[in-house]
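The working numbering numbers the first residue of the sequence shown as 100 and each following residue consecutively.
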Amino acid sequence: MILSVVIPVYNTSAYLEDCVNSVLACDCTDCEIILVDDGSTDGICPQLCDRIAAEHPHLIRVIHQENRGLGGARNTGLEVAEGEYIIFPDSDDTVTPDALTIIKKAIDASKAEIIAYNFLAHDGEGWQEVINANQVCLPTPFQVKDHPEYLLSMPTAGSRAWKRSLFLRTGIRFPSRVWYEDLRTSLKLMVMAKSIYTIEDCLYCYYLRPGSIIRSGNIDRNREIMDAFEDLLPWFKAQGLYDTYRDSLCSVCIEHVYISASLRVLHADLSHPLPDAFRAYVQEKFPDYRRRHYLSRLTFRRRWVFRLLEGRHYRLLGLLFRPGL
Numbered sequence: 100m101i102l103s104v105v106i107p108v109y110n111t112s113a114y115l116e117d118c119v120n121s122v123l124a125c126d127c128t129d130c131e132i133i134l135v136d137d138g139s140t141d142g143i144c145p146q147l148c149d150r151i152a153a154e155h156p157h158l159i160r161v162i163h164q165e166n167r168g169l170g171g172a173r174n175t176g177l178e179v180a181e182g183e184y185i186i187f188p189d190s191d192d193t194v195t196p197d198a199l200t201i202i203k204k205a206i207d208a209s210k211a212e213i214i215a216y217n218f219l220a221h222d223g224e225g226w227q228e229v230i231n232a233n234q235v236c237l238p239t240p241f242q243v244k245d246h247p248e249y250l251l252s253m254p255t256a257g258s259r260a261w262k263r264s265l266f267l268r269t270g271i272r273f274p275s276r277v278w279y280e281d282l283r284t285s286l287k288l289m290v291m292a293k294s295i296y297t298i299e300d301c302l303y304c305y306y307l308r309p310g311s312i313i314r315s316g317n318i319d320r321n322r323e324i325m326d327a328f329e330d331l332l333p334w335f336k337a338q339g340l341y342d343t344y345r346d347s348l349c350s351v352c353i354e355h356v357y358i359s360a361s362l363r364v365l366h367a368d369l370s371h372p373l374p375d376a377f378r379a380y381v382q383e384k385f386p387d388y389r390r391r392h393y394l395s396r397l398t399f400r401r402r403w404v405f406r407l408l409e410g411r412h413y414r415l416l417g418l419l420f421r422p423g424l
């Protein structure tokens, strides 16, 4: 079997059928779909998963488990998957009708351990092509050691097909019951992968829901972005990779901690103390961050956000810039 589609499910009954149907609309030859009901409490999802699987018994199976969070549900699917590769669509997102066909062709062409593709994002107002999700797009497979700028790619697990053996040989798993599980996991897998292959197609459809991290009303949980780096940085040091990738890690920290997380917080509360905490964290971990060459590679919009954050012009930031991808 080539491909396992692992879909974690937690109280997403309003979206689950659309997600599964989008996968079923693809060429599912030599594929399986695994629904991991992660202790849903809505009284609907467990039965809905069972009904969907009963309608496609040779293609879909269901696992019911106590709640372990998104990362824990993915790990469960990973352990039972029979496919050589795995994709992890969230149950409130969808894939394009040609997604599995293109992914399988890319697997045949490259045999890479990671197949990365672009995605579409919907913010409630319309679709946006996130065509720069991958910072490196080459016609042949590559390794991060040769292209460290790839670590600045969007770390979303759903926009990649992962060779199952990559998880097994490295022992890397998604953390349970935390935010930013993709950031904590994807960067580790990227540097450990023997080969990465990127394609330009947009194959994943990501919806910015009210309950997503970007839109969540629980502002204080954005501080977990610093916890994610307290996971990442010691891991890179333990692997003897920190010095090799220090510049890239500094860039990732500026992008995700300083800029993106600050915008999310300020969009909800202009007087919240977290943006100051984010800047202090970046200064502590990377004291020379203002001199890094990465800043010259920021988009025009991100450069303005950075400058305004440096000047603590929080009110202006909150009014001018919406959080985004």
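Virtual Cβ for every residue (Gly too), placed ideally from N, Cα, C.
Just so it is clear, the structure is predicted and the values come from calculations on it, not from any experiment.
Secondary structure of Ser264 (DSSP, three-state): helix. Listed in chain order, the beta strand (DSSP E) elements of length 3 or more contained wholly in the region 197-226 are 213-221.
When beta bridges are read from the DSSP output, Phe241 appears opposite Ile295.
Residue environment: Ala172 is assigned as buried (16 or more neighbouring CB atoms within 10 Å of its CB, all protein chains considered). Around the beta carbon of Trp278, a 10 Å sphere encloses 16 or more other beta carbons of the protein chains shown; the residue is thus reported as buried. The alpha-carbon separation between Leu397 and Leu408 amounts to approximately 14 angstroms. C-alpha of Ala205 to C-alpha of Arg414: approximately 46 angstroms in a straight line. The Cβ neighbour count for Trp261, taken over all protein chains shown within 10 Å, is at least 16; the residue is labelled buried. Burial check for Pro333: the Cβ neighbour count within 10 Å stays below 16, so the residue is exposed. DSSP places Tyr109 outside both helix and strand once states are collapsed to three, so it counts as coil. Scanning the region 300-384 from its first residue to its last, the whole alpha helix (DSSP H) runs of 4-plus residues come out as 323-337, 341-352, 361-367, 373-384. Residue range 413-419 is occupied by the alpha helix (DSSP H) that includes Tyr413. Spatial neighbours of Arg322 in its own chain (CB-CB distance under 8 angstroms, excluding positions within 5 residues in sequence) are listed in chain order as Leu373, Ala376. In the DSSP assignment, Val161 falls outside any alpha helix (DSSP H) and lies within the beta strand (DSSP E) extending over 159-164.
Assigned with DSSP and collapsed to three states, Tyr114 falls in helix. Closest by C-alpha distance to Asp342, out of His163, Arg259, Pro247, Cys127, is Pro247. According to the DSSP secondary-structure assignment, Cys130 is paired through a beta bridge with Leu102. Taken atom to atom, the span from the alpha-carbon of Asp136 to that of Thr255 is near 21 angstroms. Around the beta carbon of Leu282, 16 or more other beta carbons sit within 10 angstroms, so the residue counts as buried. Counting C-beta atoms within 10 angstroms of its own C-beta, Thr239 has fewer than 16 neighbours from the protein chains shown and is therefore classed as exposed.
Inclusion of Glu178 and Leu265 in the CB contact set at 7 angstroms is not warranted, their separation being larger than that value. Assigned with DSSP and collapsed to three states, Thr193 falls in strand.
In this structure, the straight-line span from the alpha carbon of Asp326 to that of Tyr388 is close to 19 angstroms.
Counted as a single uninterrupted DSSP element, the beta strand (DSSP E) harbouring Ile186 occupies residues 184-186. For Trp403, the enclosing alpha helix (DSSP H) starts and ends at 399-409.
Scanning Tyr305, Cys236, Ile186 for the CA closest to the CA of Thr297 turns up Cys236. Across the set Leu288, Ile159, Leu362, the C-alpha of Leu362 shows the shortest separation from the C-alpha of Leu419. One alpha carbon belongs to Val104, the other to Asp149, and they sit about 16 angstroms apart. Look at Glu181 here: in three-state DSSP terms it is coil, with no helix or strand label. With respect to the C-alpha of Leu169, the residue from Ile132, Ala360, Pro386, Phe273 having the closest C-alpha is Phe273. Note on Met289: 16 or more other CB atoms within 10 angstroms of its CB, so buried under the neighbour-count rule.
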